[in-house]
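Protein chains in written order, with the numbering used here: chain A, 295 to 486; chain B, 295 to 486. A virtual CB, placed ideally from N, CA and C, is assigned to each residue, including glycine.
Number of protein chains: 2
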Amino acid sequence: MELLKQSIRQMINISDEEMNTFLSFCKRKSFPRKAYLSDSGQSIKEIFFIEKGIIRVLITDIGGTEHTTHFAIEHQYIADYSAFLTQQKSKYQLQAMEDSDTIILTKEAIDWGYKNLQEGEKMGRLIAEFYFIYLDTRIQNSYTLTPKQRYDLMSTIFPNIHNRVPQHMIASYIGVTPVHLSRLKKANRQKL
Amino acid sequence: MELLKQSIRQMINISDEEMNTFLSFCKRKSFPRKAYLSDSGQSIKEIFFIEKGIIRVLITDIGGTEHTTHFAIEHQYIADYSAFLTQQKSKYQLQAMEDSDTIILTKEAIDWGYKNLQEGEKMGRLIAEFYFIYLDTRIQNSYTLTPKQRYDLMSTIFPNIHNRVPQHMIASYIGVTPVHLSRLKKANRQKL
Numbered sequence: 295m296e297l298l299k300q301s302i303r304q305m306i307n308i309s310d311e312e313m314n315t316f317l318s319f320c321k322r323k324s325f326p327r328k329a330y331l332s333d334s335g336q337s338i339k340e341i342f343f344i345e346k347g348i349i350r351v352l353i354t355d356i357g358g359t360e361h362t363t364h365f366a367i368e369h370q371y372i373a374d375y376s377a378f379l380t381q382q383k384s385k386y387q388l389q390a391m392e393d394s395d396t397i398i399l400t401k402e403a404i405d406w407g408y409k410n411l412q413e414g415e416k417m418g419r420l421i422a423e424f425y426f427i428y429l430d431t432r433i434q435n436s437y438t439l440t441p442k443q444r445y446d447l448m449s450t451i452f453p454n455i456h457n458r459v460p461q462h463m464i465a466s467y468i469g470v471t472p473v474h475l476s477r478l479k480k481a482n483r484q485k486l
Numbered sequence: 295m296e297l298l299k300q301s302i303r304q305m306i307n308i309s310d311e312e313m314n315t316f317l318s319f320c321k322r323k324s325f326p327r328k329a330y331l332s333d334s335g336q337s338i339k340e341i342f343f344i345e346k347g348i349i350r351v352l353i354t355d356i357g358g359t360e361h362t363t364h365f366a367i368e369h370q371y372i373a374d375y376s377a378f379l380t381q382q383k384s385k386y387q388l389q390a391m392e393d394s395d396t397i398i399l400t401k402e403a404i405d406w407g408y409k410n411l412q413e414g415e416k417m418g419r420l421i422a423e424f425y426f427i428y429l430d431t432r433i434q435n436s437y438t439l440t441p442k443q444r445y446d447l448m449s450t451i452f453p454n455i456h457n458r459v460p461q462h463m464i465a466s467y468i469g470v471t472p473v474h475l476s477r478l479k480k481a482n483r484q485k486l
């Protein structure tokens, strides 16, 4: 669990004893490619820390069309964090795009952390702020960046993503049609 | 500052002494209708608590079109919270839709709170979580609710909003054209 430990220590000061108790509430879980880590309609009691693999978040609209809203890769956390916080049913699905290894931070672990870790509330604040900034930046970018800029930004944030997930999911994440995405990729290749 | 005190006490336990010191960092400010509370390109060092009035948040896209992304009314907080947290330049504008009275929570107040309030970090966590849930719910609704459902939901969240702000801003917030909004309003009137 070294990677998770490092990630927590980047957020807060935590003693070895605190860390060990916190981690005793966590558990490992692996998911084969295409498996769902969590499903719409479920109660969400888990946050996933990704040790290996790539996860996509999708939502299905009223017309039945799937939209890929997020990706998360190694050393990142992923969850339907709204549903985790509100304990209302999830509307998202989390799907493994490769065989993936995760560490599950249970609701029990998080609640224990808020009560017992010296800086537990700070960790919760930083996680919520991170998620908020991430989401809001996505919204801002949808207005203020061109499709080309959003494509380039995505390639920076998720290196090698084009070899890891199907192109139509990338198009959905950027908010362009698959045909538009092909044109963007072609234009970038011609510049090299 | 009674309303702000109540709002804070709903989030955390706080002594009178802590409250008074915290509020000593805050200040009142009024804005006439159409005035901007904060502008794009600015550094954001203030969160506004609305005592009276209504504020809209807008962003201008690369084509120069304004999009109304949020409203906030009495007893709510509003800010470009991402820019406040990251201290990067704001891309949003906050505009008063009526003569509005606010209490400004300065960055100095918030930073002091994290360090000195017994439950300051918890307050920060709850504010960030609230913002995150609000934003994520907006995104979910754009996929999973019909325009009619989004219209009805907005009327519940912001009672009387139709008499307080121009219709084209409401249409923008819901994500429909002004013509579509007129049809939704007409259909609702005919049901009464």
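Amino acids of chain A, ordered along the chain, whose beta-carbon sits closer than 7 Å to that of B:Arg-419: Those are Glu-415, Gly-418, Arg-419 and Ala-422, listed as they occur along chain A.
Candidates A:Met-417, A:Glu-340, A:Ile-427 and A:Lys-385, of which the one nearest A:Gly-358 by Cα: The candidate whose alpha carbon is nearest that of A:Gly-358 is A:Lys-385.
Amino acids of chain B, ordered along the chain, whose beta-carbon sits closer than 7 Å to that of A:Leu-298: Listed along chain B is no residue with a C-beta nearer than 7 Å to that of A:Leu-298; the closest approach is about 20 Å.
Cβ neighbour criterion (16 or more within 10 Å) applied to A:Gln-389: Flag for A:Gln-389 reads buried.
Chain-ordered chain B contacts of A:Tyr-445 [CB-CB under 9 Å]: The contacting residues do not exist; A:Tyr-445 stays about 15 Å from chain B at best.
Segment contact, 8 Å Cβ cut-off, at least three pairs: the segment 342-353 of chain A with the segment 396-406 of chain B: Using a C-beta cut-off of 8 Å, the segment 342-353 of chain A makes no contact with the segment 396-406 of chain B, since fewer than three inter-stretch Cβ pairs fall below that distance.
Chain B within 8 Å of A:Ile-308, Cβ atoms only: So, not an interface residue.
Spatial distance of B:Lys-416 from B:Arg-303 (CA atoms): So the two alpha carbons sit approximately 12 Å from each other.
Beta carbon of A:Ser-394 nearer than 8 Å to that of A:Phe-316: Taking C-beta atoms as the reference points, A:Ser-394 and A:Phe-316 fail to come closer than 8 Å.
Below-8 Å beta-carbon distance, B:Leu-429 vs any chain A residue: Judged by the 8 Å Cβ criterion, B:Leu-429 is in contact with chain A.
Three-state secondary structure (DSSP) of B:Phe-426: Helix, per DSSP.
Proximity test, Cβ basis, 8 Å: A:Gln-434 and chain B: Output row for A:Gln-434: interface = yes.
Distance, B:Val-473 Cα to A:Met-448 Cα: About 35 Å.
Any 3 or more C-beta pairs closer than 8 Å across the segment 365-374 of chain B and the segment 325-344 of chain B: The segment 365-374 of chain B, when compared against the segment 325-344 of chain B, does touch it at the 8 Å Cβ threshold.
contact_flag[the segment 412-426 of chain B, the segment 417-426 of chain A] where n(CB pairs < 8 Å) is 3 or more: Segments in contact, yes.
Chain B contacts from the segment 354-369 of chain A (Cβ-Cβ distance under 8 Å): Here the close residues are Thr-354, Asp-355, Ile-356, His-361 and Thr-363.
Residue range of the unbroken alpha helix (DSSP H) whose run includes B:Lys-339: Where B:Lys-339 is concerned, there is no enclosing alpha helix (DSSP H), given that its DSSP letter is neither H nor E.
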